[in-house]
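Engineer: Numbering (UniProt numbering), first residue to last: 1 to 131.
Heads up, the beta-carbon is just placed ideally off N, CA and C, and yes, glycines get one too.
Here the structure is a predicted model, which is why all the values come from computation and not from measurement.
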Amino acid sequence: MWWASHNWEVLYRRRRSSSAAGSRIVDTFNAIAKAIFGTPADQQAEAKEKLAKETLPAQLTNFEKLLEKNGRNGFFVGSKLSYTDVTLWVALQLDFSRVEGSRDQLLGAFPAVKKLVDSACVARDVHSTKA
């Protein structure tokens, strides 16, 4: 499994350097989880629409700025994968899998976030379990 062989200590140390982005990502993850899992079934369509059209664009604007500040290299800290990068990737994958059409709608306006999401490094590390 990818998680058993990955050097989590290195990711954790990088996480400590990215606490500003990390706390915002936790807020993003909570917003996604609340809209998807914490909303009654009869209100989910409205909650998902608000998530995709209001909540996430506001938060992704902040992430875009943080990624630009780091040189638009597709990472929040330095030039390597960090815990923060993986956390945002997981949060957005949850949204993309549950809110139809949200991936293209959201990422089109945020090229630095799109670069992180599409990063070969993130995809390789996260999907290496499919070997």
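Among G108, Q105, I25, R103, which one has its Cα closest to the Cα of N62?
Structural biologist: Of G108, Q105, I25, R103, the residue nearest in Cα terms is I25.
Engineer: Could you check if A21 is buried or exposed, using at least 16 other CB atoms within 10 Å of its CB as the buried criterion?
Structural biologist: The residue is buried, with at least 16 neighbouring Cβ atoms inside 10 Å.
Engineer: Where does V77 fall in DSSP's three states?
Structural biologist: In the structure shown, V77 sits in coil (DSSP, three-state: anything other than H, G, I, E or B).
Engineer: How is residue 133 classed by DSSP in three states: helix, strand or coil?
Structural biologist: Because the chain spans 1 through 131 in this model, residue 133 falls outside it and cannot be assessed.
Engineer: What would DSSP say about V99, mapped onto helix, strand or coil?
Structural biologist: If DSSP states are grouped into helix, strand and coil, V99 belongs with coil.
Engineer: Pop quiz: A52 and V117 are said to be a contact at Cβ under 8 Å. What is the actual Cβ separation, rounded to whole angstroms?
Structural biologist: Wrong, their Cβ atoms sit about 15 Å apart, outside the cutoff.
Engineer: Under a Cβ-count criterion, where at least 16 other Cβ atoms within 10 Å of its own Cβ denotes burial, should F76 be classed as buried or exposed?
Structural biologist: That one is buried.
Engineer: Report the rounded CA-to-CA distance for I36 versus Q44, giving the unit in angstroms.
Structural biologist: Taking the straight line joining both Cα atoms gives about 7 Å.
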